[in-house]
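Below is one structure, written out as structure tokens, with a few remarks after it.
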Amino acid sequence: MMMMDQLEYCIMKFGTPSYLFDIDKMKETVGKFREALGEKAGLCFAMKANPFLAGQMETQADRLEVCSMGEFRICKKQGIAPEKLLISGVLKEKEEILEILDTYGGACTYTIESLDQYHSFSEWCQRKEKPVHVYLRLTSGNQFGMDGETIYNIIKIRTMCPYLNIQGIHYFSGTQKKHAGKIKEELEYLDQFLMEMEERTGFQLEELEYGPGLSVPYFVGQEDHRSSDLKELVRAVEGMKWKGSVMLEMGRALAADCGYYLTTVKDIKQSNGKRYCIVDGGIHHLSYDGQIRGMYEPVFRVWPENQTGAECQWTVCGSLCTVNDVLMQKASIRDLKAGNVLIFERAGAYAMTEGMALFLSHELPKILFYSKEMGWKPVRGRIPTFEWNMEN
């Protein structure tokens, strides 16, 4: 957790609304996972959780999951090594597949989510006579991936395309799993599936790319069971009979704690006995999984800190012209005034990309990095959006 004097410096120098990502904290989190996993599993960072961290995560994670052409172009522009990239995503247009393959070929690893994608990869491999490593994505009962029989049939005809190297299986069923028991059940299911697939096809699957969906507690009163969940995850991996290698794909669990969202109180008022404060940000900037019109109180701090004055309940609202723009409904804050800054914590994953960014054509916030080694580094200025919302 950053010290208040560091946050005060950030507020005074860079203003609000802003996102701040503590790179030291990000590295500390990854280090804890590394220590717990040891040699039992690798780490893949799902960059959709925070694309701004892609370059920083390149040196920390074994792999980065890329789920769109936009994310691919981010990695390409930042010079991230193609060997670090897992090209995933439910929709891969043939033209996009060919562009990535023509750019990096078999240096990247790829997921295959459908028979159409399989044929696109196969055609390129056959034409170029170059090997490509792929994961076959196993569905968890939704629109992602393929069922077991489809995967079986692809493995069965693998010799028809010798350049397409089936490396393993990819599986992800969802995020914010509340209990480690669900993760244990999924790994038991995958263990059985991998063993049966090898028995049926005579083909050894080398790797499992698995997204456990570890939960992050965003709100006051929620139990933080990440440490125990991680221990259960490690035990479940250790207990697998299938003896290939495991890569754990995570975004939220690796990035959430490193992020802060800073927004200034611009107006305060009372209506029908209820206290409201209006901040210069809102739900177009800050999105917590599970938050509904500010029903739950996120972990937050107030600057300047005030230990005196009456503590009152405030409804914290953003600057959007919608009644849904509520960040907190019953926040207990002492002596709140216009000019105070609210510092929302655990905003390092999804918070900056899942909001209604273009609604009402507000500016996008400034984004900053901090670490002891680099100091303060602005990585994006505030960006006007009105031109994106008008006829050109």
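When the letters of the sequence shown are read in order and numbered with our numbering, they come out as residues 3 to 394.
C-beta atoms are modelled at their ideal positions from N, C-alpha and C, and glycine is treated no differently.
In terms of alpha-carbon separation, which member of the options lies closest to residue i?
i      : options                           : result
Gly91  : Met71, Ala83 and Thr105           : Met71
Gly261 : Leu288, Ile185 and Val239         : Leu288
Leu100 : Ala56, Ile153, Asn394 and Gln128  : Gln128
Tyr278 : Ile285, Asp269 and Thr18          : Asp269
Gln224 : Gly33, Leu366 and Gln293          : Gln293
Thr111 : Phe221, Asn167, Ile159 and Gln80  : Asn167
Phe346 : Leu87, Glu299, Glu389 and Lys27   : Glu299
Asp231 : Met242, Ser217, Val222 and Lys243 : Ser217
Thr31  : Met3, Ile385, Ser116 and Gly283   : Met3
Arg160 : His135, Gln178, Ala258 and Lys27  : His135
Glu375 : Asp26, Phe16 and Asp104           : Asp26
Ser229 : Asp7, Met6, Glu37 and Trp126      : Glu37
Ala182 : Glu98, Lys233 and Phe205          : Lys233
Ala257 : Val267, Asn52 and Ser124          : Asn52
Glu356 : Glu125, Tyr165, Asp7 and Gly284   : Gly284
Glu307 : Lys180, Asn342, Glu187 and Asn326 : Asn342
Gln206 : Gly40, Ile156, Gly246 and Arg237  : Gly246
What is the residue span of the beta strand (DSSP E) that residue i lies within?
i      : result
Cys69  : Premise fails: Cys69 is in no beta strand (DSSP E) and is neither H nor E.
Gly377 : Gly377 to Arg382
Ala333 : Val328 to Arg336
Gly1   : The chain is shown from 3 up to 394; residue 1 falls before or after that span and cannot be answered.
Leu344 : Val343 to Glu347
Met45  : Before going on, a small fix: residue 45 reads as Leu here, not Met. First-last of the beta strand (DSSP E) with Leu45: Gly44 to Ala48.
Gly213 : Glu209 to Gly213
Cys127 : Run containing Cys127: none in the beta strand (DSSP E); it sits in the alpha helix (DSSP H), Leu117 to Lys130.
I believe residue i touches residue j by the beta-carbon criterion, under 8 Å. Please report the beta-carbon distance rounded to the nearest angstrom.
i      : j      : result
Glu211 : Tyr137 : 5 Å
Ala48  : Ile76  : Contact flag wrong, Cβ pair sits at about 13 Å.
Glu73  : Lys50  : 7 Å
Leu360 : Thr387 : 6 Å
Glu208 : Gly170 : 5 Å
Leu189 : Met252 : With 8 Å as the limit, Leu189 and Met252 do not qualify as a contact, their Cβ atoms being about 14 Å apart.
Tyr220 : Arg303 : No, Tyr220 and Arg303 are not in contact; Cβ-Cβ is about 15 Å, not under 8 Å.
Asp337 : Pro19  : In fact, because the Cβ distance is near 22 Å, the residues do not count as touching under 8 Å.
Lys29  : Gln62  : 6 Å
Arg254 : Ala353 : Not confirmed; about 10 Å, so no contact.
Cys314 : Ile335 : 7 Å
Thr265 : Leu362 : Actually they are not in contact, since the Cβ atoms of Thr265 and Leu362 sit about 15 Å apart, beyond 8 Å.
Check for me: the alpha helix (DSSP H) holding residue i runs from which residue to which?
i      : result
Glu95  : Where Glu95 is concerned, there is no enclosing alpha helix (DSSP H), given that its DSSP letter is neither H nor E.
Leu192 : Ala182 to Thr203
Gly357 : Run containing Gly357: none; DSSP gives neither H nor E here.
Met28  : Ile25 to Leu39
Lys158 : Gly150 to Lys158
Phe54  : Premise fails: Phe54 is in no alpha helix (DSSP H) and is neither H nor E.
Tyr278 : Careful: Tyr278 lies outside any alpha helix (DSSP H), inside the beta strand (DSSP E) at Lys276 to Val281.
Ser230 : Arg228 to Glu240
Lys15  : Met6 to Phe16
Arg254 : Arg254 to Ala257
Between the alpha carbons of residue i and residue j, how many angstroms are there, rounded?
i      : j      : result
Tyr290 : Lys130 : 45 Å
Lys339 : Phe54  : 33 Å
Gly150 : Phe174 : 14 Å
Phe195 : Gly143 : 15 Å
Ala83  : Thr177 : 27 Å
Met199 : Thr141 : 15 Å
Lys132 : Tyr191 : 34 Å
Leu93  : Tyr120 : 12 Å
Arg65  : Ile89  : 10 Å
Asp118 : Leu45  : 29 Å
Phe123 : Met59  : 28 Å
Gln309 : His227 : 31 Å
Glu393 : Met6   : 44 Å
Ala312 : Val301 : 20 Å
Glu389 : Met14  : 29 Å
Tyr222 : Ser273 : In the sequence as presented, Tyr is not what sits at residue 222; that position holds Val. Val222 and Ser273: Cα-Cα distance of roughly 26 Å.
Pro164 : Leu87  : 22 Å
With a threshold of 6 Å on Cβ separation, who are the neighbours of residue i within its own chain once the five nearest residues in sequence on each side are excluded?
i      : result
Ala43  : Val239, Val248 and Leu250
Cys12  : Leu22
Met358 : His286
Arg139 : Thr113, Glu115, Gly147 and His172
Ile235 : Here the sequence assigns Leu to residue 235, which means Ile is not the residue at that position. Closer than 6 Å at the Cβ level, and outside the excluded window around Leu235, lie Ile185 and Pro214.
Asp24  : Met4, Cys260 and Tyr372
Could you pull out every residue in the same chain whose Cβ sits closer than 8 Å to the Cβ of residue i, ignoring the five residues on either side in sequence?
i      : result
Lys158 : Thr203
Thr317 : Lys276, Arg277, Tyr278, Cys279, Gly296, Val328, Met330, Gln331, Lys332 and Ala333
Glu85  : Ala109 and Cys110
Leu370 : Cys12, Phe16, Ser20, Tyr21, Leu22, Phe23, Trp378, Lys379, Pro380 and Val381
Ile385 : Glu365 and Leu366
Gln145 : Val92
Lys78  : Thr105
Enumerate in chain order the residues of its own chain whose CB-to-CB distance from residue i is below 7 Å, with the five nearest sequence positions on each side excluded.
i      : result
Met197 : Lys243 and Trp244
Asp193 : Met242, Lys243 and Trp244
Gln80  : Ala56 and Gly57
Glu10  : Trp305
Asn391 : Leu360 and Ser363
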